Structure formats: C-alpha cells, structure tokens
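Step one of this worksheet: look at the structure below.
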Amino acid sequence: MTSAALAILLCVSAIAGTLWWLNARHFETTDDAFIDARQFSISAKVSGYIESVAVTDNERVAAGALLLQIDKRDYAVAVAQAEAQVAQAEASVTNNSALTAVQKAQVAQFKDQLASAGASLRYAQQQNDRYQALLRTGTATVQSAQQFQSQFEQAVAAERNAADAVDAAGKQVVALEAQETSARANLRAAQTQLDQAKLNLSYTTVTAGQGGHVAHLSAAKGAYVQAGQSLMMFVPDDVWVTANFKETQIADMRPGQPVDIDVDAYPGRTFRGHVDSIQSGSGTAFSLLPPENATGNYVKVVQRVPVKIVFDHIPQDVVLGPGMSVVPSVKVR
Numbered sequence: 041m042t043s044a045a046l047a048i049l050l051c052v053s054a055i056a057g058t059l060w061w062l063n064a065r066h067f068e069t070t071d072d073a074f075i076d077a078r079q080f081s082i083s084a085k086v087s088g089y090i091e092s093v094a095v096t097d098n099e100r101v102a103a104g105a106l107l108l109q110i111d112k113r114d115y116a117v118a119v120a121q122a123e124a125q126v127a128q129a130e131a132s133v134t135n136n137s138a139l140t141a142v143q144k145a146q147v148a149q150f151k152d153q154l155a156s157a158g159a160s161l162r163y164a165q166q167q168n169d170r171y172q173a174l175l176r177t178g179t180a181t182v183q184s185a186q187q188f189q190s191q192f193e194q195a196v197a198a199e200r201n202a203a204d205a206v207d208a209a210g211k212q213v214v215a216l217e218a219q220e221t222s223a224r225a226n227l228r229a230a231q232t233q234l235d236q237a238k239l240n241l242s243y244t245t246v247t248a249g250q251g252g253h254v255a256h257l258s259a260a261k262g263a264y265v266q267a268g269q270s271l272m273m274f275v276p277d278d279v280w281v282t283a284n285f286k287e288t289q290i291a292d293m294r295p296g297q298p299v300d301i302d303v304d305a306y307p308g309r310t311f312r313g314h315v316d317s318i319q320s321g322s323g324t325a326f327s328l329l330p331p332e333n334a335t336g337n338y339v340k341v342v343q344r345v346p347v348k349i350v351f352d353h354i355p356q357d358v359v360l361g362p363g364m365s366v367v368p369s370v371k372v373r
C-alpha cells in the first residue's frame with residue numbers, strides 16, 4: 041500500500057470515528073435492560089370441576105374472551121333456591137302489609153265507635169242528671185230515675201269498652217308493623233343471598249379481563265379446583281422496558297426523550313419508544329435486603345437506576361414477554 045493510500049485510509053477512519061463519536065455522545069445506552077410487564081395469576085373464585093378449557097399455552101386472547109368454564113349446575117340450583125326464598129319473603133311482606141292495613145282500618149272504625157259511645161255517654165249523663173233532679177223535686181218517678189241511671193251506667197261501660205278496643209287494636213297495629221319490618225329485613229337478606237348466588241354463578245365462567253397471552257396453563261378439563269387455586273398465568277399486552285442505567289448516565293435523561301430499542305430476539309430490527317419515568321432511587325434501595333453501607337469495609341460502587349421506557353408501537357408480528365433482553369439507546373442531547 042502506498043503512502044498516499046495509507047494517508048487516505050487514515051483520514052477516512054478519522055472522519056468515520058469523529059462522526060460516530062459526534063452521534064454516539066447524544067445517546068446513553070445500556071445492555072442491563074429487560075422487557076417488563078405486570079403478569080399475574082388467574083385463580084378460581086369458586087370451587088368445582090372444570091367443564092372446559094378454551095385456551096392453550098401461550099395463546100393470545102382478547103379482553104372478555106372465555107378462558108375456561110367451571111361446572112355451573114350446583115350454582116344454578118343455588119340461584120333457584122335463593123329466588124324461591126326471595127319470592128317467599130316478598131309474599132310475607134305483602135301479607136304483613138295487608139294485615140297492617142286492615143288493622144289500621146279497624147282502629148279507625150273503633151275510634152268512630154268510641155266517638156259514638158262518647159256522645160251516647162254524654163246524652164245519658166244529661167238525662168240521668170235531669171231525672172235525678174226531677175226525682176228530688178218529686179216531679180219524676182223513682183222508676184224513671186232508675187231507668188235513666190241504668191242507661192247512664194250502660195253508656196259508661198260501652199264507652200270504656202270502645203276505648204279498650206281502640207287501645208287493643210292500636211297495640212295490634214304496632215305488633216303487625218314490627219312483623220312487617222322484620223319481613224322486610226328478611227326480604228333484604230334473601231335478596232342479598234340471591235345476589236351472592238348469582239355472583240357465584242357468574243364466577244364459574246372465567247374470562248380475560250384484558251388482552252394478553254396465556255402462560256403456564258395448569259387447568260385441565262375434569263380437574264377439581266378450589267376457590268383461590270391458580271389456573272394459569274396471564275401476561276397483558278401492556279409491556280415496557282425496565283433499563284438499569286448507571287447513575288452517571290441519567291443526568292440529562294428526561295421523560296419523553298426518544299429511545300431506540302434493540303431486542304435480542306429480533307436482531308436487525310429497531311423499535312421506537314420514549315422514556316416514561318425515572319425511578320426515585322437506585323434499584324438496590326428497593327431490594328428485599330438493601331445494602332448496609334455504614335460498615336468499615338465500604339467500597340463505592342456505581343449504582344444502577346431503573347428507567348421505564350414504553351414502546352411507541354409494537355408490530356403485530358412481534359411477541360414481547362417479561363424477561364426478554366433488550367438494548368435501549370436514549371437520545372439525551
């Protein structure tokens with residue numbers, strides 16, 4: 041190679057290196073980054089035999105899609121029984137309401153009779169007083185005076201009986217109203233049991249609460265499951281990148297900055313995203329056993345700070361799951 045060619049090669053290399061450095065200094069990159077998601081376990085809320093399983097391992101499902109069906113016959117019977125109890129409680133309320141209404145009408149009737157008896161008593165008293173006065177003056181016979189005296193005493197007894205009837209009927213109204221209150225309470229309790237029975241029946245149908253992928257499917261047709269038993273794991277479509285940058289790399293990092301994301305599973309393809317948030321503290325500070333630095337053999341180590349990066353768009357032919365390795369490059373300048 042001639043000296044001229046060597047000089048040209050060195051110049052080209054220098055220019056290329058300079059251009060690379062000018063571009064690279066605008067980015068912060070780390071290979072300590074992984075796909076993250078809020079994966080969770082789907083569990084049975086009621087016990088019973090699995091009637092059918094509608095999904096398989098790693099299957100993509102939409103929100104509301106059927107995952108599996110637990111035998112619902114026992115729960116349907118419980119709903120029917122609860123409905124019968126509600127109907128019985130409603131009939132009891134209706135019956136007590138009718139009895140209370142009848143008794144209140146009887147109280148009103150007895151009050152009318154009491155008013156009539158009171159008027160008769162006042163008239164009998166006036167007649168008795170008049171004839172007693174006439175008897176004292178000798179203008180009335182003893183027989184007539186005794187007759188009106190007897191009528192007065194009968195009127196007193198009738199008025200007392202009418203008052204007792206009003207009092208007894210009023211107490212009966214109070215008792216019937218108490219029974220009606222109890223019947224309404226029983227109706228509410230029966231309705232609550234019906235609501236719970238319907239809820240348990242709905243729990244026999246297990247559906248996806250959001251779109252995502254089924255993982256670690258353990259449910260099988262014919263198996264008996266207990267309430268709370270895990271049936272499968274579920275990975276939602278909402279995934280992001282958790283990138284652990286060195287604390288010396290985040291000085292110029294801000295939410296909203298664009299990110300180029302290289303996924304190891306898809307070499308040669310670059311995905312676009314942006315910084316969502318930066319954790320307020322290093323990763324070790326939130327670990328189960330945070331390090332104790334107040335020791336005599338402390339050695340300073342550059343800490344890692346988790347940064348959440350979200351994808352702007354994930355193509356339909358790409359499947360990203362928790363734990364997959366990525367290399368994000370954040371444009372900070």
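The sequence shown begins at 41 in this note's numbering and counts up by one. We put the CB at the ideal spot given by N, CA and C, even for glycine. Values in this document were obtained by computation on a predicted structure and should not be read as measured data.
Proximity of the region 94-105 to the region 297-304 falls short of the contact definition, fewer than three beta-carbon pairs being nearer than 8 Å. Residue burial is scored here from C-beta neighbours: Arg200 has fewer than 16 other C-beta atoms within 10 angstroms and is therefore classed as exposed. Three or more Cβ pairs drawn from the region 230-245 and the region 116-123 lie within less than 8 Å of each other, which places the two stretches in contact.
Asn98 is not a Cβ neighbour of His314, given a cutoff of 8 Å. By the neighbour-count definition (other C-beta atoms within 10 Å, threshold 16), Val86 is a buried residue. Between Gly323 and Asn284, the C-beta spacing is below 8 Å.
Note on geometry: alpha-carbon atoms of Thr245 and Phe326 lie some 38 Å from one another. Taking C-beta atoms under 8 Å as the contact rule, Val342 and Thr288 qualify, at a distance of about 6 Å. A Cβ-Cβ contact shorter than 8 Å links Pro368 with Thr69. Under the DSSP assignment, Lys371 falls in the beta strand (DSSP E) whose first and last residues are Ser365 to Lys371. In the structure shown, Glu68 adopts extended strand secondary structure according to DSSP, grouped into three states.
Taking Val359 as reference, the option from Arg100, Ser83 and Asp71 with the minimal CA-CA separation is Arg100. Spatial neighbours of Gln153 in its own chain (CB-CB distance under 6 Å, excluding positions within 5 residues in sequence) are listed in chain order as Ala202. Non-local beta-carbon contacts of Lys144 in its own chain, meaning distances under 7 Å to residues more than five positions away in sequence, involve Val213 in chain order. Around the beta carbon of Lys112, 16 or more other beta carbons lie within 10 angstroms, which makes this residue buried.
For the pair Leu241 and Ala129, the CB atoms are not nearer than the 8 Å cut-off.
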